[in-house]
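Written below as structure tokens is the structure these notes are about.
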Amino acid sequence: RARSPRSRRARRARVTRATLIPVRLVFFAVAGLVLVPLTGAASTQWDERAPMPLARTEVVAATVGKEIFVLGGMLPSGAPSNRVDAYNPARNTWRRVPNLPAGVHHAMATAAGGKLYVLGGYGASGAQQTAWVLDARRWRALPRMPFPRAAAGAGFANGKIIVAGGVAAGTSAHERCGPR
Numbered sequence: 004r005a006r007s008p009r010s011r012r013a014r015r016a017r018v019t020r021a022t023l024i025p026v027r028l029v030f031f032a033v034a035g036l037v038l039v040p041l042t043g044a045a046s047t048q049w050d051e052r053a054p055m056p057l058a059r060t061e062v063v064a065a066t067v068g069k070e071i072f073v074l075g076g077m078l079p080s081g082a083p084s085n086r087v088d089a090y091n092p093a094r095n096t097w098r099r100v101p102n103l104p105a106g107v108h109h110a111m112a113t114a115a116g117g118k119l120y121v122l123g124g125y126g127a128s129g130a131q132q133t134a135w136v137l138d139a140r141r142w143r144a145l146p147r148m149p150f151p152r153a154a155a156g157a158g159f160a161n162g163k164i165i166v167a168g169g170v171a172a173g174t175s176a177h178e179r180c181g182p183r
């Protein structure tokens, strides 16, 4: 069945409106607000939610259970933050979580098995090799990454943490950590 030019234009207009959402999200996230789609990921309607307790940029976030954890970041002074907050979208509330052992921005975070992992980032002395896990409401050190790394992506695959990309001088910019 042939589609009319009018239906193609309407479809393009819907796509164009949908692609503007990430730009709005970035703008409001920097301002310290969380925006959540009202009716699903494809929705073009957004809702302003409770502001973050402490405004900061260059944060990292990961989901554990039904909460979104926002970690580290850069304070308005430019100093790295060690603050951690957890947001509950169902209740539209924030709660404090134990601070990171050191302030970082542009870190990487991932979660698996109900645990939150934070890797690298920039600290007061530059890119870091650190790796931490939030275990029973306490941060525990993991083996250091082979190279300092910041502004990368992290995830779990086959029981291992994968760190890819980012800023790391003299490396292939791809590492993994976990049981052999």
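The working numbering puts the first residue of the sequence shown at 4, with every later residue one more than the last.
The C-beta atom is built at its ideal place from N, Cα and C for all residues, glycine as well.
Please name the residue or residues paired with Glu70 in a DSSP beta bridge. DSSP output for Glu70 lists Val67 as bridge partner(s).
Cross-strand partners of Leu119 (DSSP beta bridge): Within the DSSP bridge table, the entry for Leu119 names Ala114 and Leu137 as partners.
So, is Thr47 buried or exposed, given that buried needs 16 or more other C-beta atoms within 10 angstroms? With fewer than 16 Cβ atoms within 10 Å of its Cβ, Thr47 is classed as exposed.
Who are the near neighbours of Leu57 in its chain, counting only those whose CB is closer than 6 Å to its CB and skipping five residues on each side? If we look at Leu57 and ignore the five residues flanking it on each side, its Cβ neighbours are Arg86.
Give the straight-line distance between the Cα atoms of Gly76 and Val107, rounded to the nearest whole angstrom. Rounded to the nearest angstrom, the two C-alpha atoms are 6 Å apart.
Limits of the unbroken beta strand (DSSP E) element including Phe150: From DSSP, Phe150 is part of no beta strand (DSSP E); its letter is neither H nor E.
From which residue to which residue does the beta strand (DSSP E) around Asn91 run? From DSSP, the beta strand (DSSP E) with Asn91 extends over Val87 to Asn91.
Backbone secondary structure at Arg59 - three-state DSSP: Coil.
Buried or exposed: Pro54, going by 16 or more other Cβ atoms within 10 Å of its Cβ? It is exposed - the Cβ of Pro54 has fewer than 16 other Cβ atoms within 10 Å.
In the DSSP assignment, what residue or residues form a beta bridge with Gln131? Note: Gln131 sits in a beta bridge opposite Arg152.
Contacts around Leu145, its chain only, beta-carbon distance under 8 Å, and the 5 residues preceding and following it disregarded: Cβ within range, chain order: Tyr120, Ala134, Trp135, Val136 and Cys180.
Are Ala185 and Met111 touching if we call contact CB-CB under 9 Å? With the chain running from 4 to 183 in the structure shown, residue 185 is simply not present.
Rounded C-alpha distance that separates Lys163 from Ala154: If I take the Cα positions, the gap works out to 19 Å.
Which partner residues of His108 appear in the DSSP bridge assignment? DSSP output for His108 lists Tyr125 as bridge partner(s).
Is it buried or exposed, Gly169, if we count other Cβ atoms within 10 angstroms and call 16 or more buried? The residue in question, Gly169, is buried, as its Cβ has 16 or more Cβ neighbours within 10 Å.
Would you call Asp138 buried or exposed, if buried means 16 or more other Cβ atoms sit within 10 Å of its Cβ? By the beta-carbon neighbour count (other beta carbons within 10 angstroms, threshold 16), Asp138 is exposed.
What would DSSP say about Ala167, mapped onto helix, strand or coil? In the three-state reduction of the DSSP assignment, Ala167 falls in the strand class.
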